[in-house]
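In my numbering, the protein residues as written are 209 to 486.
The beta-carbon is built from N, C-alpha and C at its ideal position, and this holds for glycine as well.
Keep in mind the model is a prediction, meaning the values are calculated, not measured.
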Amino acid sequence: MIFQTRRGKMRQIPVRALALAILGAMAAFSSGTAHGKAAEGTKMPLLPSKQIAIVIDDFGNGMKGTAQMLNLPVRLTVAVMPFLPTTKQDAQAAHAKGHGVIVHMPMEPVRGKASWLGPNAILTSLPDEEIRRRVETAIDDVPYAVGMNNHMGSKATADERVMRIVLQVCKEKGLFFLDSRTSYKSVIPKVAKEVGVPLLRNDVFLDDVYTARHVSRQLDVVKQKLEKKENCVVIGHVGPPGLITSGALKSAIPQLERDAKFVLLTELLPPEAVRSAR
Ligand SMILES: [Zn+2]
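Here is the structure:
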């Protein structure tokens, strides 16, 4: 009604209508192309539907293979140990290159030297408050961290009291947890469910033996797993096997990319379960 009483508005109608028509056409065109409809008749290239998430552990101490891993031509999730000389540098470099970052939390193993654990490790002898404090400060020490996995931890991950505190802090800070599965006695699946922390699990360790032959055999295992399941979480390491593993990945990536898409761990989770990187 207002259009009939005000002359100025009368003149604007055709312009507005035209603009709306153009916008409408543009929206229809772009949504059509996004779904491949506008290109009906022409074949869209088929993208692989399977997903590989590569996680590389033990960043934070200037370990062998650090640069080679970060420069791989696919996206990785980089697990950085807290409180070490290159913790911040590695997390920042990984983030800048588009990789995902998680906290690689040192946790007590059944066997192994305490010196392999790194500073402020989670030990089963610690009281509740100290475990909480160590997990909180570890998360604060690793910039851009959106999740956590365990470094070693065959003893700590089998301890329900310890894991309940670790996972509770993850929940409070909005982090998901990746169970590296260093112990078949891991209580992580049960406790993560009770606490309500999004959980992922490792499918294949690439380099538990430090030879190129072993790593390429493990990459064959990844291919076999992807024939049966939709995605595969794969863990490798910087450090002693760093150059071997990064070299094997570099040569295997072109072929693996034909069958699967390399994704960040966060892409395997529902969007609402993912914290945005700080
Ligand atoms: Zn580790």
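Proximity below 9 Å, CB of residue i to CB of residue j
i, j, result
"VAL189", "MET371", "Outside the displayed range of the chain (209 to 486) lies residue 189, so it cannot be described from this structure."
"ARG319", "ILE330", "no"
"ALA353", "VAL311", "yes"
"GLN300", "SER454", "no"
"LEU414", "ILE443", "yes"
"LEU386", "VAL263", "yes"
"VAL403", "LYS379", "yes"
"ASN439", "ASN357", "no"
"SER362", "SER391", "yes"
"ASN328", "PHE384", "no"
"ILE452", "ALA420", "yes"
"LEU501", "VAL405", "For residue 501 there is no data in the structure shown, the boundaries of the chain being 209 and 486."
"GLY382", "LEU473", "no"
"VAL412", "VAL441", "yes"
"LEU408", "LYS431", "no"
"ASP336", "ARG369", "yes"
"ALA456", "VAL423", "yes"
"ASP266", "SER388", "no"
"LEU280", "LYS393", "no"
Reduced DSSP category for residue i - H, G, I as helix; E, B as strand; rest coil
i, result
"GLY361", "coil"
"LEU408", "strand"
"VAL417", "coil"
"VAL430", "helix"
"LYS458", "helix"
"ARG466", "helix"
"HIS573", "Because residue 573 is not part of the residues shown, which for the chain are 209 to 486, the question remains open."
"GLY320", "coil"
"MET289", "coil"
"VAL282", "coil"
"PRO479", "helix"
"MET271", "coil"
"LYS437", "coil"
"ALA235", "Its pLDDT being 43, under 50, ALA235 is placed unreliably by the model, and the measurement read from it follows with that caveat. Three-state DSSP puts ALA235 in a helix."
"LEU473", "helix"
"GLY450", "helix"
"LYS245", "Residue confidence for LYS245 is low, a pLDDT of 41 falling below 50, so the modelled location carries little weight; the figure read from the coordinates is stated next. Three-state result, LYS245: coil."
"SER484", "coil"
For residue j and residue i, believed in contact at Cβ under 8 Å, the rounded distance
i, j, result
"ASP467", "PRO256", "6 Å"
"ASP298", "VAL288", "5 Å"
"MET315", "ALA366", "About 10 Å separates the two Cβ atoms, so there is no contact after all."
"LYS296", "PRO351", "6 Å"
"PRO462", "TYR418", "In fact, because the Cβ distance is near 24 Å, the residues do not count as touching under 8 Å."
"THR285", "GLY270", "About 19 Å; that fails the 8 Å criterion."
"HIS307", "LEU278", "7 Å"
"VAL377", "ARG425", "Not really, about 37 Å apart at Cβ, beyond 8 Å."
"LYS469", "GLN259", "5 Å"
- Query: Among all residues, which have a Cβ less than 5 Å from at least one non-hydrogen atom of ligand 1, and in what chain order do they fall?
  - Reply: ASP265, ASP266, HIS359
- Item | Continuous alpha helix (DSSP H) assignments of at least 4 residues falling wholly in the segment 326-401 | 336-349, 368-381
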